[in-house]
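Peer 1:
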Amino acid sequence: MQQEFYSLFMKKCPELRYLDMRSIKHQIFCFPEAKVHLESLYELRCDTSIDSSYYYGLSRSCHYIQKLIIDNINPKPNYGIVKLIEVQKNLKHFEWKDDFFEDYLTEDPYGIFLLALEKKADSLNYLRIFFRCIYNITERAILQMILPKFHKLKTLIIEDGFLSFTDEQLKNLVYHDLEILNIEYNRLNIISSIIENSGGRIKKILFRPYDTIDFEFDDLSFHESSLNFIRKIYENCPLIEYLSIAFSPSKENFTEFEKLLKNCKNLKSLLLIICNIYEEETEEKILENGEELLKVLISSTPSNLKEIRFYDYFKFSLENLEEFLGKWRGCTLSMLTSDSFYERDDYKKLISKYKNDGVIKDFKYISELELNIVCKS
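The working numbering numbers the first residue of the sequence shown as 3 and each following residue consecutively.
1) Taking just the CA atoms, how far does L145 sit from Y2?
2) Which complete beta strand (DSSP E) runs does the region 94-149 hold, if anything under 3 residues is left out?
3) Report the three-state DSSP secondary structure of I300 (helix, strand or coil).
4) Since T50 is in the beta strand (DSSP E), which residue starts that stretch and which ends it?
5) Only counting the same chain, and skipping five residues up and downstream in sequence, which positions put a Cβ closer than 6 angstroms to that of F318?
6) On the three-state DSSP scale, how would you describe S336?
7) Going by DSSP in three states, L371 sits in which element: helix, strand or coil?
8) Rounded to whole angstroms, what is the Cα-Cα separation between E186 and E41?
9) Grouping DSSP H, G and I as helix and E and B as strand, with all else coil, what is S252?
10) Can you grab the Cα-Cα spacing for the pair K91 / R47, in whole Å?
11) On the DSSP bridge assignment, give the partners of D347 in chain order.
12) Quick check on the DSSP output: what are the complete alpha helix (DSSP H) runs of length 4 or more inside the region 253-291, in order along the chain?
13) Once you ignore the five residues that flank S301 on each side, which residues in its own chain have a CB closer than 8 angstroms to its CB?
14) Using DSSP with H/G/I as helix, E/B as strand and the rest coil, what is L323?
15) Where does V376 fall in DSSP's three states?
16) Mind reading off the beta-carbon distance from N268 to N306? Whole number of angstroms is fine, and I expect it under 8 angstroms.
17) Would you mind working out which of S195, L155, Y81, I72 sits nearest Q171, comparing C-alpha positions?
18) Out of E324, W330, K329, K366, state which residue places its alpha-carbon closest to the alpha-carbon of Y344.
19) Can you tell me whether E6 is buried or exposed, with buried defined as 16 or more other CB within 10 angstroms of its CB?
20) State buried or exposed for D100, treating a residue as buried only when at least 16 other CB atoms are found within 10 Å of its CB.
21) For I288 and S271, I'd like the C-alpha separation in whole angstroms.
22) Provide the residue span of the beta strand (DSSP E) that contains K69, from first to last.
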């Protein structure tokens with residue numbers, strides 16, 4: 003019955019634009035009408051559990067796929083997928099997501115497809131990859147070698163894949179058309195270098211500040227690297243709208259953060275950590291950091307800012323928060339935090355008052371996982 007359905011479908015469908023192969027068990031490319039209809043395929047979603055022969059079959063007809071999304075559920079090389087990538091003539095959008103639970107791989111599933119993808123550097127403008135197990139030195143070396151070649155990227159998203167570059171390699175990470183940058187679980191200097199080498203078009207810089215802080219704990223230069231990060235943003239990202247940021251609570255950092263707010267007038271959403279990673283701070287100091295942040299926000303926040311997400315590394319006293327909300331003149335504001343401190347009745351009463359006045363849209367206590375969910379289009 004399924005075979006009859008697919009046969010009828012291929013006869014009646016004049017143009018096939020989108021195909022999700024994950025639920026298709028029949029080799030639809032074998033039907034007589036398939037070649038003509040598959041030539042128009044624009045977007046393909048598939049997974050690595052599908053036999054290589056299926057992809058070899060598709061590669062005979064599908065040469066103009068522009069959007070290719072692969073779920074890697076079988077952590078072994080799939081040479082059919084490699085062939086399918088190789089024959090594409092205008093591949094623009096590529097996503098790869100590991101979706102398996104093995105902690106150790108006996109074979110490398112990444113190297114062959116990365117080398118095939120390298121040949122599409124002149125057309126590719128969207129790259130999103132999540133490698134669960136890229137521990138092998140050779141695999142990392144291949145990724146570090148090919149990343150600078152994707153010079154036309156508008157979107158670069160690397161999820162949970164630690165990268166290490168020499169200073170010379172960092173100079174080669176040049177993406178003049180970049181608009182969205184999301185590199186998770188990495189040091190600030192990697193992100194700063196990409197920002198510096200961009201063409202001033204970046205609108206989104208997204209990462210989990212909490213993971214970055216974990217990384218920087220072993221680095222005594224966090225103060226300097228966070229200063230550099232802030233400067234690179236306000237010097238190179240006049241169009242920034244969505245920003246994740248982490249910095250230490252020094253006077254110099256607050257001054258530079260204020261410059262960022264004044265220069266980046268399109269800013270709509272902030273996800274931030276202000277943390278002293280060198281020593282444990284007292285409750286009094288944590289409240290002082292929160293007070294200083296509110297002062298900077300009141301004096302310098304761009305009028306478009308409508309969302310602030312923050313962790314529990316600083317706190318707002320009831321008095322300071324009330325003063326801030328009373329002076330707020332920007333968009334109706336949403337504030338999201340992972341700190342249950344604001345679940346107290348006195349804070350809820352204050353928040354309710356300013357919700358009724360139209361100053362606040364939301365003030366929510368949510369999990370750290372929810373706090374990290376940011377737009378990654």
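The beta-carbon is built from N, C-alpha and C at its ideal position, and this holds for glycine as well. Computed from a predicted model, the values in this text were never measured in an experiment.
Peer 2: In short, the structure shows the following:
1) Past the edges of the chain, shown from 3 to 379, lies residue 2, and the structure says nothing about it.
2) List check, beta strand (DSSP E) in window: 95-100, 128-132.
3) Here I300 carries a helix assignment [DSSP, helix/strand/coil].
4) Membership of T50 in any beta strand (DSSP E) is not indicated, and neither H nor E is assigned to it by DSSP.
5) Around F318, the same chain offers G292 as residues with beta carbons nearer than 6 angstroms, after the five sequence neighbours per side are excluded.
6) It is a strand residue.
7) DSSP places L371 in helix when its eight states are reduced to three.
8) As the crow flies, the alpha-carbon of E186 is around 36 angstroms from that of E41.
9) DSSP places S252 in coil when its eight states are reduced to three.
10) Approximately 18 angstroms between the Cα atoms of the pair.
11) DSSP lists no beta-bridge partner residue for D347.
12) Taking only runs of at least 4 residues, the alpha helix (DSSP H) segments lying wholly in the region 253-291 are 253-265.
13) Excluding sequence neighbours, S301 sits near E260.
14) Residue state, collapsed to three classes: helix.
15) Legend: pLDDT at V376 = 49, less than 50; position of this residue unreliable, no value from coordinates given.
16) So it is a contact: roughly 6 angstroms between Cβ atoms.
17) Of all alpha-carbon atoms in S195, L155, Y81, I72, the one lying nearest the alpha-carbon of Q171 is that of S195.
18) Selected option, being the one with the closest Cα: K366.
19) Its Cβ having fewer than 16 others within 10 Å, E6 is exposed.
20) Its Cβ being crowded by 16 or more others within 10 Å, D100 is buried.
21) In a straight line, the C-alpha of I288 is about 23 angstroms away from that of S271.
22) Run containing K69: 69-74, per the beta strand (DSSP E) assignment.
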